[in-house]
Ligand code: SF4
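In the numbering used here, the protein residues as written are 321 to 382.
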């Protein structure tokens, strides 16, 4: 699975990083970013949970 964070939509709430820190982390612009590409199978469920929880739907499949 591949995920991206739409930088224009991310409001830096931190929820995805809290939910799945293995896949999401802050970038230099203070926004969330995907740090594992592709997302390994064993982390897909947790990454999906983060995706579903994003308040602005910034986490997307390209
Ligand atoms: S949950 Fe969404 S809005 Fe919040 S930091 Fe992550 S990508 Fe950005």
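Every residue gets a Cβ at the ideal spot worked out from N, C-alpha and C, and that includes glycine. Just so it is clear, the structure is predicted and the values come from calculations on it, not from any experiment.
- Scanning its chain for C-beta atoms nearer than 6 Å, with the 5 sequence neighbours on each side dropped, one finds around residue 329 the residues 376, 378, in chain order.
- Cβ atoms of residue 355 and residue 343 come within 8 Å of each other, at about 7 Å.
- The beta carbon of residue 345 is closer than 8 Å to those of 337, 352, 353, 355 in its chain, skipping five residues each way along the sequence.
- Residue 334 and residue 373 have their C-alpha atoms some 11 Å from each other.
- The beta-bridge partner set that DSSP reports for residue 380 consists of 324.
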